[in-house]
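Have a look at the structure below before the remarks.
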Amino acid sequence: MKLAIKLAYRNLIGAGLRTWLNVVVLSFSFVVIIWLKGVMVGWDYQAKTDMTNWEIGGGQYWHSNYDPFDSFTLADAHAPIPNDAKDEIAKGNMTPVLIAHGTIYPQGRMQSIMIKGIDPKQSIFLLPTHKLDTVTDAIPAIIGSLMAKSLKLNKNDHVTIRWRDANGTFDADEVVITEIFSSNVPMAEMAQVYIPLDRLQAMLLLPEQATILTYRDGEMDRVPLEGWTHKTKKELTASVDRIIETKTIGQTVLYGILLLLAMLAIFDTQVLSIFRRQKEIGTYIALGYTRSQVVGLFTVEGTMHSVLAALTSAVYGIPFLAWQAKVGWTMPIDTSDFGMAIAQTLYPIYSVSLVVSTVLIVMLVTAVVSYLPSRRIAKMNPTDALRGKIQ
Amino acid sequence: MEIIQIQNLTKRFPMGKGEFTALKGINLSFGKGEFAGLIGPSGSGKTTLLNIIGSLDVPSDGEALVLGNSIGKLSAKQAAKLRKENLGFIFQSYNLLQVHTVFENVEFPLLLLNYSTSERKKMVADALEWVGLTDKTKSKPPQLSGGECQRVAIARAMVKRPSLVLADEPTANLDAANSHNILQTMEKLNRELQTTFIFATHDEKVISYLHRKIFLLDGRVDKDEVVKSN
Ligand SMILES: Nc1ncnc2c1ncn2[C@@H]1O[C@H](COP(=O)(O)OP(=O)(O)O)[C@@H](O)[C@H]1O
Ligand SMILES: [Mg+2]
């Protein structure tokens, strides 16, 4: 094996340009695959981190009637904060949110919204809720930049909101926008108006009640709360997994095409080598190689393309990938229309296992592609090979 | 001491629907240190016989015993071992590894035999000295003349000091001066190392150096004469 590697290396380097063409194509596949996979891992990480920071914390308890896809259930999706939760809330490790369906009237138009009552002192979400802790003439409210943009609302604007209290009576009041924040999480921004929890509780006539309890620590074991459904972070981020999975399938096709191109080049080289190098094959046999050893030599030679490609990739790929990880990859389209947590700029994350597995898989495929045409050698007659007579 | 014994050797090749008999009942034996040649016109069966002696091909009938190995009965692995350890080949078109240097070409058989780096260095240097190519170790075959290439091939065949060297038309691509040069080299090696040489040739220059001339005609031994004892 050591000898085969030595000879294969000499032969490959000796073959010059053709080797390097194959190596460059293959190394390009390495870099693209690792980069794209890195982007996906980075996206997954970023999306989940953003969701954690802006929307779901370490996990949540939902009131059993709460259905985020049906705003009409909101009227019944609230209950007094359970005693078992109060201790954690007091410590700041859990925070209640009360949600009501409402309407906002910016400049004579109207739009359906979710009014979210949130504790101004909470620190689980990155939401600038401390801006709700100001004394103002109207109810202080914060909104996301997506919402501000679509409703043309600015900081300090006054705007009317309308809601229905627990008795079903409509009421309206004025809010003042004390802050506009931007997250990458549409669910935390689209049609959401955040006001102080106690104000909303008073408006709805639901003192001490909440719709969702969000906790900080996702690692801790959680007890079930009567009347509340426990949602782990894993369940809450399942949509991200699904989208990543779909994207991954699409990318696999791309890897497939890239690898196919590289493999075609190598396959072609192998077939051509075996045809053109018959005399050499015969010589190896005359010098004491068995045919299967020659098959081994040619297979190692073909496979070595991927080793050289990995080294070549390291030369230009490591700087490129490192640079990408630093500056990120800015998507050419406006990501706020995606409807899911995705930043405009994604920072690829590469793991050792990603790099190692990519290299190993490509090497394995190269080995197979190199071996297949080389099997022909095993059927060659050495005397014919020496005469270069085989067609 | 006989190192090769050929008895009733017949070689048939499939040809179209029938068969072509290239060797017809050959009986020959060779002793250690011979400098012999198979002589005959093109198509007389020289290469076929040499290939069988070299364990690259097998007899259809009869027996070829080479250094105690019955060629027809060897497994591929045993045949490879025989070639690796005891045989050297010299070809008409040199068959050097084009992308390897002179040193690497000559070193090749030693790599197969697992010699250490320092042993290889020494042995390759000796072999290149025999053929007078010590100044070309780093060159590659495309940079060498035909005569030089064939001398590299001789060094490669001789480097492991095999008992038997088989040379198939070694001068066919060389001019007269180079032909004489390599023949003198081989004759010297035959004398000094007691290596047995068997040639296949129809070149008068080669024939003039032979100590034993075996004339083949149509796959049969026509004449077998010793002109000079070893
Ligand atoms: N593999 C083969 N298949 C069919 N015929 C062959 C094969 N090898 C050699 N022959 C035939 O056997 C005869 C002897 O060939 P060869 O030994 O090469 O002759 P020489 O070396 O004396 O010129 C020729 O007629 C040649 O065509
Ligand atoms: Mg011939």
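Chains A and B, in that order, give the protein sequences.
546 is the number that this note's numbering gives to position 297 of the first sequence; each next residue is one higher, with no gaps.
211 is the number that this note's numbering gives to position 100 of the second sequence; each next residue is one higher, with no gaps.
We treat Cβ as the ideally placed atom computed from N, Cα and C, and that holds for glycine.
When distances are taken from the beta-carbon of B:D329 to the heavy atoms of ligand 2, even the shortest one reaches 7 Å or more. Close to chain B, meaning a Cβ-Cβ distance shorter than 9 Å, is no residue of the region 503-521 of chain A at all. In the same chain as A:A387, and ignoring 5 residues on each side of it, the C-beta atoms closer than 8 Å to its own belong to H407, D422, E423, V424, V425, in chain order. Where B:F310 is concerned, the enclosing beta strand (DSSP E) starts and stops at 307-312. Listed as beta-bridge partners of B:R123 by DSSP are B:T132. Taking the beta carbon of A:E529 as reference, the chain B residues within 7 Å of it are L208, listed in sequence order. Shown here, A:M512 sits in a helix according to DSSP, grouped into three states.
The DSSP-derived three-state label of A:H407 is strand.
One residue list follows from the rule of a beta carbon closer than 5 Å to any heavy atom of ligand 1, given in chain order as B:F124, B:A133, B:S153, B:G154, B:S155, B:G156, B:K157, B:T158, B:T159. The alpha-carbon separation between B:I163 and B:D172 amounts to approximately 12 Å. The C-beta of B:H322 comes no closer than 8 Å to any C-beta of chain A. From the beta-carbon of B:K334, no residue of chain A is found nearer than 7 Å; the closest lies around 26 Å away.
Annotated three-state conformation of B:Y226 is coil, per DSSP.
In terms of Cβ geometry, A:W477 and A:H312 form a close pair [threshold 8 Å]. Leaving aside the five residues that flank A:K380 on each side, the residues in its chain whose CB is nearer than 6 Å to its CB run, in chain order, I391, T427, E428. Below the 9 Å Cβ cutoff, chain A contributes no neighbours of B:K299, its closest Cβ being approximately 23 Å away. Burial is judged here by how many other beta carbons sit within 10 angstroms of a residue's own beta carbon; A:Y565 has fewer than 16 and is exposed. By the criterion of a C-beta distance shorter than 7 Å, A:A616 is surrounded in its chain by T548, T552, once the five residues flanking it on both sides are discounted.
Taking a C-beta distance under 8 Å as the contact criterion, B:N197 and B:P281 do not qualify as a contact pair.
Under the rule that a run must span 3 or more residues, the beta strand (DSSP E) segments found entirely inside the region 411-473 of chain A read 419-430, 441-445, 461-464. With contacts defined by Cβ atoms closer than 8 Å, A:S541 and A:A627 form a contacting pair.
If you draw a straight line from the Cα of A:L446 to the Cα of A:I348, it comes to about 9 Å. Listed along chain A, the residues sitting closer than 9 Å to B:D168 by beta-carbon distance are N630, P631, T632. Taking non-hydrogen atoms of ligand 2 into account, the C-beta of B:A311 is found less than 7 Å away from one of them. Beta-bridge annotation (DSSP): A:P345 is paired with A:L462. Straight through space, the alpha carbons of A:Q500 and B:R231 are spaced by roughly 51 Å. If you check the C-beta of B:E280 against ligand 2, you find a heavy atom less than 7 Å away. Per DSSP, reduced to three states, the secondary structure at B:A278 is strand. Interface flag for B:G257 against chain A is unset, since no Cβ pair is found closer than 8 Å. For A:Y538, the neighbours in chain B by C-beta distance under 9 Å run, in chain order, A191, R194, K195, L223.
Residue state for A:G531 is assigned as helix, using DSSP reduced to three classes.
Cβ contact annotation for A:H350 (same chain, cutoff 6 Å, sequence separation greater than five): S320, L323, in chain order. Counting only Cβ-Cβ distances below 9 Å, B:A133 has no contacts in chain A at all, with the closest Cβ about 11 Å away. Sixteen is the threshold: since fewer than 16 other Cβ atoms of the shown chains lie within 10 Å of the Cβ of B:F131, the residue is exposed. Under DSSP, A:T594 shares a beta bridge with A:T579. Contact between B:F200 and A:A535 is confirmed by a C-beta separation of about 4 Å, below the 8 Å threshold.
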